[in-house]
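Protein chains in written order, with this note's numbering: chain A, 1 to 255; chain B, 1 to 277.
Beta carbons: idealized from backbone N, C-alpha and C, even for Gly.
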């Protein structure tokens, strides 16, 4: 682990150096191709005047709300679909079809319904995440080996207990993968949604940078968005996934 | 619970613990129906160790699942202590060929599972689980994860998990079939010792005749498809028995084997026939 992070740091430094050299060469003007120092000072500025902090908080709040709703809806739909073949062939197929729609395509509809508002953005976030979560829950549940369920039933587990103690834990590896995918779809949708509306979020900061013709801010905000996405993926989802894989003895495969 | 005199003796006089009455089961296949069980009548006495043998496809696992309440018969019924079986219940715990342990729980948590479902408190169920883990000689592996255990150890945990429920009836579906011969012999001795202590009623399904003769008070042979009761054999010999090198058991086993061979030939013929179509 230590060795790989060292390699990564060396790689980043080399990349920044190469970037610096290209910028210094003066092939493009600096309002088209920013220099590392320009971006870093924009980053420092955004951090010291707390605009990045407030943007991040605004975006994460929206994300938590939207993703929370998506979890509730996705889990309910997923459980419903796993209950019967009929629901799977009808509602399940519909959701599978709708899921192929890039979630930003919901935005025009959301704006028509809710106006240029927080609700519209939230709607797109939910629409982005619900499909993956639903499908993961339903396939996770229907792929639980029947022997686990039979064993649990002969030991007296039924109804809610059976779900809570056996079916959900048994489906967990599939569910985590789906929830993680739902998260990353939701994150993308949120950023896209925030671009179009005075939202105080990170997407909005990106848009402000464009309006001010400030390429340094644009790239600096892109870094912030990328870092937050990366941190949540790595620190949160990867560690849960690894934990489950280790417990199950599934090896350290990365999804 | 069980007295020494009834270890191998007949128990016809008592109300049977399990009464299988005219049980038939069909499976619906693409090309018609397949009759798995046909009119099975078996009474199992309280505290009896009954083995059911038959070739693959004779429906012996299906019969066990019907007793467990995991499957329902088309015709007939199963009575447990005089009451009809309508679904699974913790009075009839099944031990499967694969351990069916839950990989998200440790060994001890697996054993506690059924007790938790029964509503036994945390401290108490930990105590009971430890007792049974100790009984199957796995005390050191209390906190091991399932994938860290060998096949034999998994089955030990599965046995402890079943025993910890203190079920009236223990249903065993070829539980030792996937183990190596040495572990299996060891299990045979230990299972008999445990059974002599607890006096539970055991129905044990296997295709291994010497295993059946070693373990059972009585061995019932099923025919190949549809499964019917072909013959039953009493095994009266002091316990714990060894599965090898006992002439009396060997002679019973060879009688069963010659009957089983007839069924096996039918099985081969049908398999060939199916292959041609």
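Notebook entry, point to check: Using a Cβ-Cβ cut-off of 6 Å (strictly less than) and excluding sequence neighbours within five positions of residue 170 of chain A, which residues of its own chain qualify?
Noted result: For the purposes of this step, residue 170 of chain A is taken as residue 170 along the first chain, with counting starting at 1. Excluding positions up to five away in sequence, the list reads 144 and 148.
Notebook entry, point to check: With a cut-off of 8 Å, does the C-beta of residue 89 of chain B fall near any C-beta of chain A?
Noted result: On the second chain, position 89 is the one that residue 89 of chain B refers to. Yes - at least one Cβ of chain A is within 8 Å of the one on residue 89 of chain B.
Next item on the list: Identify, in the order they occur along the chain, each residue of the same chain with its Cβ nearer than 6 Å to the Cβ of residue 88 of chain A, setting aside the five sequence neighbours on each side.
Entry: Taking the first chain and counting its residues from 1, one reaches residue 88 of chain A at position 88. Around residue 88 of chain A: 81.
Item checked: Helix, strand or coil at residue 122 of chain A according to DSSP, with G and I counted as helix -> Within the first chain, residue 122 of chain A is the residue found at index 122, counting from 1. In the structure shown, residue 122 of chain A sits in a helix (DSSP, three-state: H, G or I).
Notebook entry, point to check: For residue 72 of chain B, which three-state DSSP category applies?
Noted result: By 1-based counting over the second chain, the position of residue 72 of chain B is 72. Residue 72 of chain B: coil per DSSP, three-state reduction.
Checklist line | Cutoff 8 Å: residue 103 of chain B Cβ touching any chain A Cβ | finding: Numbered from its first residue, the second chain carries residue 103 of chain B at position 103. Interface residue, yes.
Next item on the list: Residues of the region 149-167 of chain A with a CB closer than 8 Å to any CB of chain B: list them in chain order, please.
Entry: Those residues of the region 149-167 of chain A that come within reach of chain B (Cβ to Cβ, closer than 8 Å) are 150, 151, 152, 153, 154, 155, 156, 157, 161, 165 and 166.
Next item on the list: Anything in chain A within Cβ reach of residue 147 of chain B, meaning under 9 Å, just list it in chain order.
Entry: Mapped onto the second chain, residue 147 of chain B falls at position 147. In chain order: 247, 248, 249 and 250.
Check: Between residue 217 of chain B and residue 28 of chain B, what straight-line distance do the alpha-carbon atoms span, to the nearest angstrom?
Finding: In the second chain, the residue the question calls residue 217 of chain B occupies position 217. In the second chain, the residue the question calls residue 28 of chain B occupies position 28. Here the alpha carbons of residue 28 of chain B and residue 217 of chain B stand approximately 35 Å from one another.
Note to self: Any beta carbon from chain B within less than 8 Å of residue 147 of chain A's own beta carbon?
What the structure shows: Along the first chain, read from residue 1 onward, the residue named residue 147 of chain A stands at position 147. At a cut-off of 8 Å, the C-beta of residue 147 of chain A has a neighbouring C-beta in chain B.
Next item on the list: Determine the chain A residues that contact residue 98 of chain B at a beta-carbon separation under 8 Å, and present them in chain order.
Entry: On the second chain, residue 98 of chain B is found 98 positions in, with the first residue counted as 1. For residue 98 of chain B, the residues of chain A that pass the 8 Å Cβ criterion are 147, in the order they occur in the chain.
Next item on the list: Measuring alpha carbon to alpha carbon, tell me which of B:128, B:153 and B:122 ends up nearest residue 137 of chain B.
Entry: Residue 137 of chain B sits at position 137 when you count from the first residue of the second chain. The shortest CA-to-CA distance from residue 137 of chain B to any of B:128, B:153 and B:122 is the one to B:153.
Next item on the list: Any chance you could list the alpha helix (DSSP H) runs of at least 4 consecutive residues sitting entirely within the region 1-28 of chain A, in chain order?
Entry: Listed in chain order, the alpha helix (DSSP H) runs fully inside the region 1-28 of chain A are 2-24, counting runs of at least 4 residues.
Item checked: DSSP three-state assignment for residue 90 of chain A, whether helix, strand or coil -> Along the first chain, read from residue 1 onward, the residue named residue 90 of chain A stands at position 90. Three-state result, residue 90 of chain A: helix.
Notebook entry, point to check: Between the Cα of residue 133 of chain A and the Cα atoms of A:165, A:92 and A:118, which residue gives the shortest distance?
Noted result: Counting from 1 along the first chain, the entry for residue 133 of chain A is found at position 133. For residue 133 of chain A, the nearest C-alpha among the options comes from A:92.
Note to self: Classify residue 74 of chain B: buried if its beta carbon has 16 or more other beta carbons within 10 angstroms, exposed otherwise.
What the structure shows: Here residue 74 of chain B refers to the residue found at position 74 when the second chain is read from its first residue. Exposed: under 16 other Cβ atoms inside 10 Å.
Next item on the list: Enumerate, from N- to C-terminal direction, the unbroken alpha helix (DSSP H) stretches of 4 or more residues contained entirely within the region 47-113 of chain A.
Entry: The qualifying runs are 51-83 and 93-99.
Next item on the list: Starting from residue 44 of chain B, follow its DSSP beta bridges and name the residues at the other end.
Entry: Counting from 1 along the second chain, the entry for residue 44 of chain B is found at position 44. DSSP output for residue 44 of chain B lists B:18 as bridge partner(s).
Margin query: Going residue by residue through the region 212-266 of chain B, where are the continuous beta strand (DSSP E) segments of at least 3 residues, counting only ones entirely within it?
Written below: Within the region 212-266 of chain B, the complete beta strand (DSSP E) runs of at least 3 residues are 218-222 and 229-234.
Margin query: So, under 8 Å CB-CB, residue 260 of chain B and residue 55 of chain B are touching, yes? Tell me the CB distance rounded to an integer number of Å.
Written below: Along the second chain, one-based indexing puts residue 260 of chain B at 260. Along the second chain, one-based indexing puts residue 55 of chain B at 55. Indeed, because the Cβ distance is near 7 Å, the residues count as touching under 8 Å.
Next item on the list: In the DSSP assignment, find the unbroken alpha helix (DSSP H) run with residue 185 of chain B in it and report its ends.
Entry: To locate residue 185 of chain B, count along the second chain from 1; it is residue 185. First-last of the alpha helix (DSSP H) with residue 185 of chain B: 181-198.
Notebook entry, point to check: Does residue 118 of chain B come within less than 8 Å of chain A when only Cβ atoms are used?
Noted result: In the second chain, the residue the question calls residue 118 of chain B occupies position 118. True, the Cβ-Cβ gap to chain A drops below 8 Å.
Notebook entry, point to check: Since residue 68 of chain B meets chain A, which of its residues come closer than 7 Å, beta carbon to beta carbon?
Noted result: In the second chain, residue 68 of chain B corresponds to position 68, counting from 1. Those are 154, listed as they occur along chain A.
Next item on the list: Give the DSSP bridge partners of residue 83 of chain B, in chain order.
Entry: As a first step, residue 83 of chain B must be located in the second chain, where it is residue number 83. According to DSSP, which records beta bridges pairwise, residue 83 of chain B is partnered with B:80.
Notebook entry, point to check: How big is the Cα-Cα spacing for residue 214 of chain B and residue 82 of chain B?
Noted result: Counted from its first residue, the second chain places residue 214 of chain B at position 214. Counted from its first residue, the second chain places residue 82 of chain B at position 82. One C-alpha to the other measures close to 29 Å.
Next item on the list: Please state if the CB of residue 129 of chain A and the CB of residue 70 of chain A are separated by a distance shorter than 8 Å.
Entry: Taking the first chain and counting its residues from 1, one reaches residue 70 of chain A at position 70. Taking the first chain and counting its residues from 1, one reaches residue 129 of chain A at position 129. The answer is yes: Cβ separation under 8 Å.
Item checked: Segment contact, 8 Å Cβ cut-off, at least three pairs: the region 219-228 of chain B with the region 24-42 of chain B -> Yes, they touch.
Item checked: Proximity to residue 72 of chain A [Cα-Cα], best of A:199, A:179, A:17 and A:90 -> To locate residue 72 of chain A, count along the first chain from 1; it is residue 72. With distances taken between CA atoms, residue 72 of chain A lies nearest to A:179 out of A:199, A:179, A:17 and A:90.
Checklist line | Spatially closest choice to residue 58 of chain B from B:211, B:115, B:164 and B:26, by CA coordinates | finding: As a position in the second chain, residue 58 of chain B is number 58, starting the count at 1. Here the closest residue by C-alpha is B:26.
Checklist line | Integer-rounded CB distance, given that residue 158 of chain B should sit under 8 Å from residue 99 of chain B | finding: By one-based count along the second chain, residue 99 of chain B stands at place 99. By one-based count along the second chain, residue 158 of chain B stands at place 158. In this structure, residue 99 of chain B and residue 158 of chain B form a Cβ contact; the two beta carbons are roughly 4 Å apart against a cut-off of 8 Å.
Check: For residue 169 of chain A and chain D, any beta-carbon pair shorter than 8 Å?
Finding: Given the protein chain composition of this structure (A and B), no chain D is represented.
Next item on the list: Check whether the Cβ of residue 180 of chain B sits closer than 7 Å to any heavy atom of the ligand HEM, and report yes or no.
Entry: As presented, the structure is devoid of all ligands, the ligand HEM included, so that no description of it is given.
Next item on the list: Please state if the CB of residue 155 of chain A and the CB of residue 80 of chain B are separated by a distance shorter than 8 Å.
Entry: For the purposes of this step, residue 80 of chain B is identified with residue 80 of the second chain, where counting begins at 1. For the purposes of this step, residue 155 of chain A is identified with residue 155 of the first chain, where counting begins at 1. Annotated as distal: residue 80 of chain B and residue 155 of chain A, with beta-carbon spacing of 8 Å or more.
Checklist line | Supposed contact pair residue 74 of chain A and residue 182 of chain A - C-beta distance, whole angstroms, cut 8 Å | finding: As a first step, residue 182 of chain A is located in the first chain; it is residue number 182 there, counting from the start. As a first step, residue 74 of chain A is located in the first chain; it is residue number 74 there, counting from the start. The pair is a contact, with the Cβ atoms about 7 Å apart (cut-off 8 Å).
Next item on the list: Go ahead and label residue 213 of chain A buried or exposed: buried means 16 or more other beta carbons lie within 10 angstroms of its beta carbon, across all protein chains shown.
Entry: Counting from 1 along the first chain, the entry for residue 213 of chain A is found at position 213. So residue 213 of chain A counts as exposed.
Note to self: Restricting to Cα atoms, I'd like to know which of B:185, B:245 and B:170 is closest to residue 176 of chain B.
What the structure shows: Position 176 of the second chain, counted from the start, is the residue given in the question as residue 176 of chain B. Measuring from the Cα of residue 176 of chain B, the nearest candidate turns out to be B:185.
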